[in-house]
Amino acid sequence: MIIRVVAAVAAPLVWNNWLLPRLALDRRGRTAAGALAATGYAITLRGRPNWFSARGAGVGIGCAALVAAGYAAAFAVPAVRRSLSGPGDRAADVGTVEWIAVHIPLGTVYTEELIFRATLEPLLDEQFGVRAGTALGSAAFGLWHIHPARAAGDSVLGTVVVTGAAGFVFGTLRRWTGSATAPALLHWTVNAGGALFARLGSVRAAPVSPVSGGRGRRESDTLRR
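Residue numbering for the sequence shown follows the UniProt record's numbering, beginning at 1 and increasing consecutively.
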């Protein structure tokens, strides 16, 4: 059993930090590969996402609504908007709709929630108890982000700490509701909201170009509407 658990921890970390980058896939390929790998992982280890839990959906919608309201309030404050949109667009190779409706829900949320909350953390809880399972699952989720942090030019340590803390929150929601749906809805809202913030904030702040005849201003006005 312990060998199975160790393999269950190691496999996602090797996949995301070593194997997947070496496949040299484009964004669409990475999304598809990640979703397929997560599905195979969950089937092999008998993951229990319980996607159709009414409690999970209810709690998830409530958490998502709070986050969405926070983003809306922050976007209304120019200084905060500029601060949060500062990192820039991290998916410039795809359109906004594709990014938010395909790559975030499938390539990030489905993949990560199925691997970590639905499959790995229940195994860790069973083997080591809830406290140790929570700590180990959160740590593994943070370590999953090592290569993405390097690729984005972010602080690896900072990213691991922040995503590990996020993993703790997501894992707590899964344990509370018995479903991966609650953390999945929160996860999607946080990531999609951040993506929209970066993209809409940068467009809204774009200066008017005399060459474009005021195109930047018209785009910003359209987004306001």
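We put the CB at the ideal spot given by N, CA and C, even for glycine. All values derive from a computational prediction rather than experimental measurement.
1. May I ask you to report which of helix, strand or coil DSSP gives L196?
2. List the endpoints of the continuous alpha helix (DSSP H) containing D125.
3. Just mark G192 as buried or exposed, buried being the case when its beta carbon has 16 or more other beta carbons within 10 Å.
4. Among G95, F170, G194, which one has its Cα closest to the Cα of V59?
5. Go ahead and label F197 buried or exposed: buried means 16 or more other beta carbons lie within 10 angstroms of its beta carbon, across all protein chains shown.
6. Report yes if the C-beta distance between L45 and A8 is below 8 Å; otherwise report no.
7. Between R199 and G107, is the Cβ-Cβ spacing less than 8 Å?
8. How big is the Cα-Cα spacing for V94 and A101?
9. Starting from A8, trace the alpha helix (DSSP H) both ways and give me its first and last residue.
10. Give me the Cα-Cα distance between G47 and G133, rounded to the nearest whole angstrom.
11. Are S53 and S179 closer than 8 Å when you measure CB to CB?
12. Within 10 angstroms of the Cβ of L136, are there 16 or more other Cβ atoms? Answer buried if so, exposed if not.
13. Starting from T108 and walking both ways along the alpha helix (DSSP H), at which residues does that stretch end?
14. Note down the Cα distance separating P210 from G142, rounded to an integer number of angstroms.
15. Would you be able to state if there are at least three C-beta pairs under 8 Å between the stretch 159-173 and the stretch 68-77?
16. Check whether the Cβ of L185 lies closer than 8 Å to any Cβ atom in chain B.
17. Would you give the residue range spanned by the alpha helix (DSSP H) that W176 belongs to?
18. Along the chain, where does the alpha helix (DSSP H) that runs through A151 open and close?
19. Closest by CA to A33, which one among H187, E112, T163, P122?
Well, looking at it:
1. DSSP, read as helix, strand or coil, puts L196 in helix.
2. First-last of the alpha helix (DSSP H) with D125: 121-128.
3. A small fix is needed here, since residue 192 is Ala in this sequence, not Gly. A192 counts as buried, since no fewer than 16 other beta carbons sit within 10 angstroms of its beta carbon.
4. The shortest CA-to-CA distance from V59 to any of G95, F170, G194 is the one to F170.
5. By the 10 Å Cβ count, F197 comes out buried.
6. Going by C-beta atoms, L45 is nearer than 8 Å to A8.
7. Taking 8 Å as the Cβ cut-off, R199 and G107 do not qualify as a contacting pair.
8. It is roughly 11 Å from the alpha-carbon of V94 to the alpha-carbon of A101.
9. In the DSSP assignment, A8 falls within the unbroken alpha helix (DSSP H) covering 2-14.
10. Approximately 15 Å, taken between the alpha carbons.
11. Result yes, Cβ atoms of S53 and S179 sit closer than 8 Å.
12. Label assigned to L136: buried.
13. Per DSSP, T108 is not a residue of any alpha helix (DSSP H), being assigned neither H nor E.
14. Residue placement at P210 cannot be trusted, given a pLDDT of 47 that sits under 50; what the coordinates show is reported in the next sentence. Computed Cα separation, rounded: 46 Å.
15. The stretch 68-77 is not in contact with the stretch 159-173.
16. No chain B appears in the structure shown, which is made up of a single protein chain.
17. Where W176 is concerned, the enclosing alpha helix (DSSP H) starts and stops at 156-177.
18. 146-152 is the extent of the alpha helix (DSSP H) around A151.
19. Answer by Cα proximity: E112.
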